[in-house]
Amino acid sequence: VAYSTFDEWMSLKRWGLEFEPDLVIVGFFLNDIRWDSSQQAVGFQRSGEEESRGEESRGPEGRGPGRRGQGRRGPPDGQGGPRSAPISNVLPETRWDHPIRLWRFVLASRAALAARPMTVQVYRDYWDPQNRRSQGLFAEALDGMSALQKARDLPFLFVVWPWLNTLDEDYPFFDIHETIERECSSRGLRTLPLLDAFLKMDDDTPLWIHESDHHPSVELHRLAAELTVDRLLSDPAFGLTELTPTRPGAP
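So, in structure tokens, the structure goes:
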């Protein structure tokens with residue numbers, strides 16, 4: 010529903026509370042802390058006490074297979090989802106364009122590999138304490154959610170996704186995950202870190218929708234959903250412990 014945690018907080022206050030939710034699940038990715046003046050498609054850019062609609066933004070590509078990403082294949086071309094991925098939209102479907110598409114795929118893959126260090130640095134810049142604007146709005150969102158949780162007895166759960174390009178001992182953002190856990194727990198906001206579970210997956214589990222689109226695969230979404238349900242059913246804070254587990258082996 011938004012491009013950052015602050016946007017999500019604004020959206021929850023303006024629209025979400027009208028539905029009188031019993032709990033709130035926040036899907037959190039590492040770049041959700043980012044904020045810039047062009048980044049407001051469904052969120053808000055504030056001026057004093059005013060909130061106004063803004064313009065769409067785009068974050069870093071975040072592509073380029075990591076060590077564990079090598080060999081993890083998504084669905085065959087054309088079976089992985091909408092044709093919005095860059096490689097899928099190279100040229101129309103004709104019999105003669107396949108060599109061109111293959112060459113462009115090779116070039117895109119090389120560019121993704123070369124861009125990986127830059128992408129890591131961009132994510133680190135998001136979490137740099139000197140990035141006061143993003144840090145401040147992130148803290149404001151967490152403070153607001155924490156206050157709402159106490160005032161309305163409305164439990165929050167942050168489901169924290171890892172960066173999916175390097176899931177092994179060389180994962181570059183362990184410290185950022187610790188920061189997220191610390192910032193949430195200090196405000197009484199519960200978290201569900203997916204990183205540990207993903208690190209334990211079989212090496213042949215697909216990480217991505219497609220080689221050219223590194224959003225989470227169907228398998229990762231399924232695992233994240235199962236872990237979320239297990240947490241909701243096992244933690245008394247969410248008031249669901251009397252419900253029947255949805256899959257064998259769940260608490």
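Letter 228 of the sequence shown, counting from 1, is numbered 237 in our numbering, and no numbers are missing.
Using N, Cα and C, we set each Cβ at its ideal position, and we do this for glycine too.
In this text the structure is predicted, and so the values were computed from the model without any measurement.
Give the straight-line distance between the Cα atoms of residue i and residue j, rounded to the nearest whole angstrom.
i    : j    : result
D137 : H186 : 13 Å
P30  : T175 : 36 Å
S20  : P202 : 24 Å
L204 : D222 : 20 Å
V169 : V227 : 17 Å
D16  : E149 : 11 Å
L163 : V33  : 7 Å
S195 : K209 : 28 Å
F247 : V238 : 11 Å
P215 : A160 : 42 Å
L7   : R125 : The first residue shown for the chain is 10 and the last is 260, placing residue 7 beyond what the model contains.
G57  : W172 : Caution is warranted here: a pLDDT of 43 is assigned to G57, below 50, making its placement in the model unreliable, and no coordinate value can be reported.
N140 : T128 : 16 Å
D213 : D179 : 18 Å
P245 : W217 : 33 Å
R23  : F165 : 17 Å
G25  : R231 : 25 Å
E220 : D211 : 18 Å
Ignore the nearest five residues each way along the sequence and tell me which others in residue i's own chain have a CB closer than 6 Å to its CB.
i    : result
I42  : Y135, S143, F147
T103 : Per-residue confidence for T103 stands at a pLDDT of 47, beneath the threshold of 50, marking its modelled position as unreliable; no derived number is given.
F37  : F167, V169
E190 : T200
V5   : As displayed, the chain neither begins before 10 nor continues past 260, which places residue 5 out of reach and without an answer.
Secondary structure at residue i, three-state DSSP: helix, strand or coil?
i    : result
L176 : coil
W18  : helix
G25  : helix
F183 : helix
F167 : strand
G153 : helix
G36  : strand
G145 : helix
Q139 : coil
S13  : coil
A194 : At residue 194 the sequence reads Ser, which differs from the Ala that was named. In this structure, S194 counts as helix in the three-state DSSP scheme.
T250 : coil
P30  : coil
V162 : The sequence as given places Asp at residue 162; Val does not occur at that position. Residue state, collapsed to three classes: coil.
R43  : coil
So, for residue i: in the same chain, excluding its five sequence neighbours on each side, which residues have a beta-carbon less than 8 Å away from its beta-carbon?
i    : result
A233 : V168, W170, L203, P225
C193 : L151, F167, R199, T200
G197 : S155, Q158, K159
L252 : L242
T188 : W136
Q130 : none
Leaving out five residues before and five after residue i in sequence, what residues of the same chain have Cβ atoms less than 7 Å from its Cβ?
i    : result
W44  : S13, F15, R142, S143, L146
W18  : A150, G153, M154
L249 : L241, L242
L39  : Y132, W172, F182, I185
L157 : L163
Am I right that residue i and residue j are in contact with their C-beta atoms under 8 Å? What's the rounded C-beta distance?
i    : j    : result
A206 : L236 : 6 Å
**Study point:** Minimum length 4: unbroken alpha helix (DSSP H) runs contained in the region 199-246
**Key:** Qualifying alpha helix (DSSP H) stretches, in chain order: 204-208, 227-243.
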